[in-house]
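Visitor: These protein sequence lines are chains A and B, in that order. If you count the first sequence from 1, position 148 lands on 148 in this note's numbering, and the numbers rise without skipping. If you count the second sequence from 1, position 10 lands on 10 in this note's numbering, and the numbers rise without skipping.
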Amino acid sequence: MTEEGTATEENPVLYVVRPMATAAKQFAKSLVRPSTVIYPFERLEDPAFREEVAVASGKPIGVGAIWDNYRGVHALNIATCISCNLCAFSCPDLCIEMVTVPGGDPKHPKKCPEIDYGKCSYCGFCSDACPEGCLTMTTRYELATAKRSEMVYSPEKLYEVFRTKLPMNPIRLERPENEDQILLDPPLCIGCNACARDCPTACITMLDVAKPEAKAGEKLPKRIWKEPVVNDSDCVRCGTCISVCPKECLFWGKRP
Amino acid sequence: MWINMGPQHPMTHGLWNLRVRIDGELILDVDPEMGYLHRGIEKISEDRHYNEVITLMDRCCYVAGMAWEHLYILGAEQALAIRPPERAEYLRVLCDEFQRLGSHLMWYAAFVQDLGLMSPFLYGMRDRDLVLDLFQSYTGARMTYEYMRVGGVRNDLPPGFTERARKVLDWLVDRFREYDALCLGSTIFRKRCDDLGVLRANEAVALGVTGPMLRAAGMKRDLRKDRPYAAYDRLEFDVAVADAADVTARYLVRMEEMRQSVRILHQVLDWLDRNPGPVLADRLPRWLGAPYAPVGDEGYLLKRHYPKGLGFSSVEEPHGEAQAYVVNEGGQHPYRVKFRSPVFANISAAKSYLIGYRVADIPPIMGSVDVCVGEVDR
Ligand code: SF4
Ligand code: SF4
Ligand code: SF4
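Written as structure tokens, this is what we have:
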């Protein structure tokens, strides 16, 4: 424990003067370079703040800058979005709604995220989950509007943010190399094609399976004799196939 | 006469109410009332995926978010039987110790303001800002970090971070000297704080008081040493203790803890420079939820017989000993999460360290307790 500067009984004037001397030193330093930023004129995302200039007050400036990995307003590249729903699934505040945008075919409408910034907590889970890297977060943080409805950013509005070419969050979550895959429980499958129809990356193919011979007195299950096969390198692990499967025969696991 | 100090009172630092029975200036009885900030975090956690609960932990204690993230993550990892890589453990210690600096600086600012000192308040806030800036430069946010994940942490440090961090640490060590000159060097401060709010060790233990308040009573208890978690068993540091059990002793303990944090951080930064590696466990189950997609419904997972488990973790948070209990019943969500807040116990013991003092002594005494109502009410 430090004994530095421990007080002793002395002239009461010194009670006041000694701490004040320390404060006066700080005050003099702050005249040269204050610790605050004069906001609309100086902005923390300015590159000048990233340079670690040694300043008179000794405060290591350059620490306070807004770096590219700041979690601000999202930017969406509509062109590369595959409508996989992962962003909406992983939002803890349920502020993402998938809305239809032009560009899809009638059977598979193209859906992109619409974000309600009235609810968003800027946690970044959505951009972490996006397998295509088309939903990222930018350094933009000024969101004041006069109307509450303007807090809802449609995909087009998010695309405009993308086009402003603000610095994008460079952090990409590394996919674990050894991650779980989609596996099938063959006896349960009825070959309905739901998974292959809804897979956003079209990585499921329905392959024929041999129809077994019915033994005497046994009835074969009523089904289509096809089974899904997943192309593992294209699969983005969105789980859509699992949630659309009517028989719960797909599951996460590791092929032995 | 009973008077209400709170819920809106400069002394409370947050929404809580201290009812005080006084006779003239003398305090005869006190009755702390909490619950104004209850947000039902434990209940909300029951329908969030394991990773999504992390967003709640930052809001649980708004001055020590990282420590609470760490607490929950340790419990969840135990319940799910996942082990983080070693680098992630060091990164978590880095977060914890920076958070301790940030929290103690915030405490310093609030405490000296309670004593009526405005300049040190501004110094404390200014220096805490550097810590927040560092957090922002690698997590992306100043207070709601969402940095830890079940099985590791979200991302590695950006290039140049360790040099910036060392600069900040060097700068802070200089400032601690200044704080001592301003507070310990001021006879007015000593006359105001010595022998005030005394809470002796035996009483503190009986009342469940932990953290700097317990160590200021001479009890050498620190979970980082006594029940090491993350990488603390591989790091060198001392436990700060003082004997006087009064307000000054708590000041001394926290100042010393900040110096020890700087010592730990230097070791951690050196280790991180030398040992690159993965920061997230390489085999994580998909059903963990964000950033991985949740799949199917609860019934689906239960049918698939995912492993069950219990997790209990305790962490030396800046305010004291926090504990978490996580029950995993095999679903996507924790079945039950329970937290123990150290500040709740510390405030609840108010009767034993306030009675007998004067009304004007309440702000310094409660200031030295370091109240964060977010975690008290959850
Ligand atoms: S940042 Fe978080 S809260 Fe905001 S939209 Fe993305 S997932 Fe939802
Ligand atoms: S996660 Fe990405 S690719 Fe998938 S729907 Fe959202 S923005 Fe599109
Ligand atoms: S998880 Fe299923 S639906 Fe999603 S990409 Fe993979 S195979 Fe297709």
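Don't be surprised by glycine CBs; every beta carbon is placed ideally from N, CA and C.
The beta strand (DSSP E) spanning Y325/B covers which residue range?
Guide: 320-328
Visitor: Assuming P342/B and E317/B form a contact by the criterion Cβ under 8 Å, report the distance between their Cβ atoms to the nearest whole angstrom.
Guide: 6 Å
Visitor: Between R197/A, E114/A, A65/A, which has its C-alpha nearest V230/A's C-alpha?
Guide: R197/A
Visitor: Here's the rule: buried if 16 or more other CB atoms are within 10 angstroms of the residue's CB, otherwise exposed. What is P102/A?
Guide: exposed
Visitor: Return the chain-ordered ranges of every alpha helix (DSSP H) run that is complete within the region 183-235 of chain A and spans a minimum of 4 residues.
Guide: 194-198
Visitor: Mind checking whether R92/B and V53/B have CB atoms under 8 Å apart?
Guide: no
Visitor: Look at the Cβ atom of G6/B, then the Cβ atom of C372/B, and state whether they are nearer than 8 Å.
Guide: no
Visitor: Could you work out which residues of chain B lie near G104/A, taking near to mean beta carbons separated by less than 7 Å?
Guide: Here the premise fails: no neighbours, minimum Cβ distance about 21 Å.
Visitor: Using a Cβ-based criterion (distance less than 7 Å to any ligand heavy atom), does L135/A qualify as near ligand 2?
Guide: yes
Visitor: Are R336/B and Q323/B touching if we call contact CB-CB under 8 Å?
Guide: no
Visitor: Given 7 Å as the limit, tell me if N346/B has its C-beta closer than that to any heavy atom belonging to ligand 4.
Guide: By its list of ligands, the structure shown excludes ligand 4, since it contains just ligand 1, ligand 2 and ligand 3.
Visitor: Could you compute how far the alpha carbon of V63/B sits from the alpha carbon of Y145/B?
Guide: 11 Å
Visitor: Would you say the beta carbon of S83/A is closer than 7 Å to some non-hydrogen atom of ligand 2?
Guide: yes
Visitor: Can you tell me whether N202/B is buried or exposed, with buried defined as 16 or more other CB within 10 angstroms of its CB?
Guide: The Cβ neighbour count for N202/B, taken over all protein chains shown within 10 Å, is under 16; the residue is labelled exposed.
Visitor: What residues in its chain sit with their C-beta under 7 Å from that of Q260/B, if we drop five residues either side in the sequence?
Guide: Excluding positions up to five away in sequence, the list reads F237, D238, A240.
Visitor: Closest by CA to C118/A, which one among E160/A, R148/A, T205/A?
Guide: It is worth fixing the name first, because residue 118/A is Gly in this sequence and not Cys. Of the listed residues, the one whose Cα sits closest to G118/A is R148/A.
Visitor: Quick one: what's D23/B bridged to in DSSP?
Guide: L26/B
Visitor: Work out the CA separation of E132/A and A275/A for me, nearest whole Å.
Guide: In the structure as shown, chain A starts at 1 and stops at 256, and residue 275/A therefore has no counterpart that could be examined.
Visitor: Between G75/B and S313/B, how many whole angstroms is the CB-CB distance? I'm expecting something under 8 Å.
Guide: 4 Å
Visitor: Beta-carbon of A28/A versus every beta-carbon of chain B: anything under 8 Å?
Guide: no
Visitor: Answer yes or no: do G208/B and D246/B have a C-beta to C-beta separation smaller than 8 Å?
Guide: no
Visitor: At 9 Å on the CB atoms, spell out the chain B contacts of A75/A, in chain order.
Guide: What A75/A touches in chain B: nothing, since even the nearest Cβ is about 14 Å away.
Visitor: Quick one: what does DSSP say W67/A is sitting in, helix, strand or coil?
Guide: In this structure, W67/A counts as coil in the three-state DSSP scheme.
Visitor: Looking at the unbroken alpha helix (DSSP H) that takes in I365/B, where does it start and where does it end?
Guide: 362-369
Visitor: So, is the C-beta of P294/B closer than 8 Å to a C-beta in chain A?
Guide: Here P294/B scores only 43 on pLDDT, less than 50, and its place in the model should not be relied on; the value that follows carries that caveat. Answer yes: the Cβ-Cβ gap between P294/B and chain A drops below 8 Å somewhere.
Visitor: Leaving out five residues before and five after E25/B in sequence, what residues of the same chain have Cβ atoms less than 8 Å from its Cβ?
Guide: R358, V359, A360
Visitor: Counting C-beta neighbours from all protein chains within 10 Å, is the total for N169/A 16 or more, i.e. buried, or is it exposed?
Guide: buried
Visitor: Taking C-alpha atoms, which residue in L182/B, Y251/B, A67/B, W271/B lies nearest to E97/B?
Guide: A67/B
Visitor: With DSSP collapsed to three states, give me the class of C245/A.
Guide: coil
Visitor: Taking the alpha carbon of C134/A as the reference point, which residue from P106/A, C91/A, R255/A, S83/A has its own alpha carbon closest?
Guide: S83/A
Visitor: Would you kindly work out how many angstroms separate the C-alpha atoms of L134/B and A217/B, rounded to a whole number?
Guide: 33 Å
Visitor: Can you list, in chain order, the residues of its chain whose CB lies under 6 Å from that of A242/B, leaving out five sequence neighbours each side?
Guide: A216, A249, L252, V253
Visitor: Kindly list the residues whose CB is nearer than 7 Å to the CB of N4/B, restricted to its own chain and excluding five residues on each side of it in sequence; keep chain order.
Guide: N17, R19
Visitor: Could you give the distance in angstroms between the alpha-carbon of P363/B and the alpha-carbon of F111/B?
Guide: When rounded, the separation of the alpha-carbon atoms in P363/B and F111/B is 8 Å.
Visitor: Is R142/B helix, strand or coil when you go by DSSP?
Guide: Here DSSP, grouped into helix, strand and coil, assigns R142/B to coil.
Visitor: Which chain B residues sit within Cβ distance under 7 Å of T22/A?
Guide: E178, A181, L182
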